[in-house]
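Under the numbering used here, the sequence shown has 168 at position 168, and the numbering climbs by one with no breaks. Cβ atoms here follow ideal geometry from the backbone N, Cα and C, with glycine treated the same way. These notes concern the structure reproduced below.
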Amino acid sequence: MLASLSLLATISYAQQDLNSASDAVRFSVDNLTGSARFRAMSGAFGALGGDPSAIMVNPAGSAVFNYNSGTASLSSYNTNNNSNYFGTRTKKNDNSFDLNQIGAVFVFNNNNPEATVNKFTLGFNYENTNNFDNSIYSQGTNPTNSVDSYFISYANGTTLSTLDNSFYDQLSFREQQAYLGYNAYVFNPVADVANNTNYVSNYDNAANNFYHENRINSSGYKGKVALNFAAQLKKIVYLGATINVHFTDHIKTTNFYEDANTPSGLNAIRFNNERYTYGGGVSFGLGSIVKITEQLRAGVAYESPTWLRLQDEIRQNVVSYGTTNGTVIVDPFATYILDDYTVKTPSKWTGSLAYVFGKNGLLSMDYSYKDHSNTEYVSNGYDAINTELSNTLTAAGELRIGAEYRIKNVSLRGGYRYEESPYKNGYTMGDLTGYSGGIGFTFNNSRFDLAYSWSQREMDVQFFNAGLIDPARVKSTNNDITLSYTLDL
Numbered sequence: 001m002l003a004s005l006s007l008l009a010t011i012s013y014a015q016q017d018l019n020s021a022s023d024a025v026r027f028s029v030d031n032l033t034g035s036a037r038f039r040a041m042s043g044a045f046g047a048l049g050g051d052p053s054a055i056m057v058n059p060a061g062s063a064v065f066n067y068n069s070g071t072a073s074l075s076s077y078n079t080n081n082n083s084n085y086f087g088t089r090t091k092k093n094d095n096s097f098d099l100n101q102i103g104a105v106f107v108f109n110n111n112n113p114e115a116t117v118n119k120f121t122l123g124f125n126y127e128n129t130n131n132f133d134n135s136i137y138s139q140g141t142n143p144t145n146s147v148d149s150y151f152i153s154y155a156n157g158t159t160l161s162t163l164d165n166s167f168y169d170q171l172s173f174r175e176q177q178a179y180l181g182y183n184a185y186v187f188n189p190v191a192d193v194a195n196n197t198n199y200v201s202n203y204d205n206a207a208n209n210f211y212h213e214n215r216i217n218s219s220g221y222k223g224k225v226a227l228n229f230a231a232q233l234k235k236i237v238y239l240g241a242t243i244n245v246h247f248t249d250h251i252k253t254t255n256f257y258e259d260a261n262t263p264s265g266l267n268a269i270r271f272n273n274e275r276y277t278y279g280g281g282v283s284f285g286l287g288s289i290v291k292i293t294e295q296l297r298a299g300v301a302y303e304s305p306t307w308l309r310l311q312d313e314i315r316q317n318v319v320s321y322g323t324t325n326g327t328v329i330v331d332p333f334a335t336y337i338l339d340d341y342t343v344k345t346p347s348k349w350t351g352s353l354a355y356v357f358g359k360n361g362l363l364s365m366d367y368s369y370k371d372h373s374n375t376e377y378v379s380n381g382y383d384a385i386n387t388e389l390s391n392t393l394t395a396a397g398e399l400r401i402g403a404e405y406r407i408k409n410v411s412l413r414g415g416y417r418y419e420e421s422p423y424k425n426g427y428t429m430g431d432l433t434g435y436s437g438g439i440g441f442t443f444n445n446s447r448f449d450l451a452y453s454w455s456q457r458e459m460d461v462q463f464f465n466a467g468l469i470d471p472a473r474v475k476s477t478n479n480d481i482t483l484s485y486t487l488d489l
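Okay, here's the thing in structure tokens:
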């Protein structure tokens with residue numbers, strides 16, 4: 001506790017050395033979640049409504065309900081990651097299970113047939129908008145770069161007297177990275193004088209072809225609770241609004257190992273990190289649906305930017321192996337608590353069309369637009385990262401198509417989803433393609449729904465934010481199953 005207070009008192013903007021543009025993107029990109037019916041139709045509910053998860057797309061969707069209704073959903077997540085690091089391919093699977101959605105809508109009808117407001121609804125819905133449970137394993141031989149460049153990039157500019165005469169808990173995050181590398185004999189000062197600020201690797205000049213193993217294990221979620229009000233006007237127009245409360249909890253553990261295969265001096269390095277990010281925020285949404293004809297509906301919705309207030313906790317240790325110094329373990333046994341900071345994610349617009357074939361089925365399409373270049377850190381000291389976000393991110397569209405066909409009390413469903421990359425180069429995080437399908441069984445005033453969804457995208461995964469920034473190319477394939485129970489009253 002005393003160490004934490006000391007850090008907070010002496011470091012005002014240290015978190016800018018830890019955070020990167022990709023950290024902000026993590027919180028601006030959502031996954032397709034929600035009820036089984038919603039997921040089976042790939043989330044194309046902007047002009048349909050009638051499902052608690054539809055509130056997340058278009059707040060007017062709750063006014064489509066005719067009865068009080070509640071839905072709860074369980075999901076099984078499977079992620080298969082195929083990594084390619086300098087030609088070496090590896091695989092890693094991760095499985096998790098979650099109560100990912102629960103929501104209800106309460107309907108208040110106006111029995112006056114001449115009334116402008118035919119009914120209004122109050123609703124709420126919780127969803128796990130992104131499941132962070134994931135595992136990535138990469139290995140391969142890097143022909144040029146070593147993890148020593150990570151430590152040296154932070155050490156250059158720091159005086160030798162600071163590294164020699166300071167305790168770990170007295171240093172900023174940047175100085176701590178230098179401290180870990182210096183005390184593990186990863187690098188040496190150019191000159192053994194107190195005011196030295198330049199450093200060189202402790203590997204001998206023959207070191208090359210560095211063998212790397214990197215394990216990334218993450219867990220947690222990004223959740224959202226929508227508090228909703230909607231109304232039906234003249235049985236033609238539906239209007240709605242939501243206040244959204246966001247919260248996130250993300251733990252990322254990285255275990256990195258490097259072997260330089262050198263005969264003498266420094267031989268290998270192991271670097272372990274654990275980062276815990278948590279916080280919450282708020283946004284709002286507005287939406288409308290219009291019945292153009294009895295069969296054709298159109299919708300438009302807006303979701304404001306989300307302001308997330310976050311905090312990080314870091315734990316680190318380094319182990320070096322060598323013929324000169326033997327095995328050296330540098331473990332401060334301390335949790336480094338950084339200052340709060342705010343991330344603002346971009347707003348989103350959604351346009352929708354749906355055609356209802358009486359009681360037999362429907363066809364629906366949504367298109368969403370989000371300008372990711374508006375993602376930013378709303379805190380002092382992030383000018384360079386915000387410039388990078390503005391220069392590297394771009395506007396991206398998302399197309400969702402869904403269909404449903406009913407045979408008595410059985411509903412068959414299918415969907416397609418395509419999401420453009422938020423990056424201008426289209427490569428750092430590639431486009432996402434997804435397909436889904438499902439079935440529903442209705443009996444009396446309740447319903448069971450089952451959905452399967454598949455999606456895939458490729459992305460670059462860097463091991464570190466500085467120095468050793470050569471990425472592994474990872475293809476992620478998601479196979480998710482969702483089961484929902486709905487009760488209408």
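Residues that H250 bridges to, as DSSP identifies them: G220, T277
Enclosing beta strand (DSSP E) for T90 [first to last residue]: 88-109
Beta-bridge pairing of Y452 - partner residues as DSSP gives them: DSSP lists G437, I481 as partners of Y452.
Reduced DSSP secondary structure (H/G/I, E/B, other) of A167: The sequence as given places Phe at residue 167; Ala does not occur at that position. Coil at F167, not helix or strand.
Sufficient close CB pairs (3 or more, under 8 Å) joining the segment 158-168 to the segment 257-264: no
Neighbourhood of D488 by C-beta distance below 6 Å, restricted to the same chain and skipping five residues each side: Excluding positions up to five away in sequence, the list reads Y67, S69, N445.
Y238 versus Q316 - alpha carbon distance: 53 Å
V57 and G46 closer than 8 Å at C-beta: Less than 8 Å separates the beta-carbon of V57 from that of G46.
Distance between A155 and Y321 (C-alpha atoms, nearest Å): 20 Å
Other residues of its chain near D259: CB distance less than 6 Å, five sequence neighbours each side excluded: Y211, A268
In DSSP terms, what L353 is bridged to: A298, M365
Chain B within 8 Å of F173, Cβ atoms only: In the structure shown, chain B cannot be found, because there is only a single protein chain.
Separation of L227 from L412, as counted between CA atoms: 30 Å
The segment 110-117 / the segment 71-85 touching (three or more Cβ pairs under 8 Å): no
Check: T129 C-beta below 7 Å from any heavy atom of the ligand MN: Of ligands this structure carries none, so the ligand MN is not represented either.
Buried or exposed (CB count within 10 angstroms, at least 16 for buried), L389: Around the beta-carbon of L389, 16 or more other beta-carbon atoms lie within 10 Å, marking it buried.
Opening and closing residue of the alpha helix (DSSP H) in which N386 lies: Per DSSP, N386 belongs to the alpha helix (DSSP H) from 383-392.
For T10, three-class secondary structure by DSSP: Low local confidence applies: a pLDDT of 41 at T10 is under 50, so the model's placement there is unreliable, with the coordinate-based value given in what follows. In this structure, T10 counts as helix in the three-state DSSP scheme.
Helix, strand or coil at L468 according to DSSP, with G and I counted as helix: L468 falls in the coil class under three-state DSSP.
Nearest-angstrom Cβ-Cβ length linking A403 and L363, presumed shorter than 8 Å: 5 Å
Span separating the alpha-carbon of Y182 from that of N208: Each residue's alpha carbon lies about 21 Å from the other.
Residue of Y221, T324, F463, P59 minimising C-alpha distance to N272: F463
Helix, strand or coil at T375 [DSSP, three-state]: coil
T490 and K424 closer than 8 Å at C-beta: Residue numbering for the chain in the displayed model covers 1 to 489; residue 490 lies beyond these limits and cannot be assessed.
Beta carbon of V300 nearer than 8 Å to that of G280: No; because the gap between Cβ atoms is not below 8 Å, this pair is not in contact.
Cβ pair Y485, A54 closer than 8 Å: no
Where the alpha helix (DSSP H) containing E175 begins and where it ends: 173-183
Opposing strand residues paired with G265 [DSSP bridges]: None; G265 has no bridge partner.
Distance, Y427 Cα to M459 Cα: Cα to Cα, M459 sits roughly 7 Å from Y427.
S149 versus V186 - alpha carbon distance: Spanning the two alpha carbons is a distance of roughly 9 Å.
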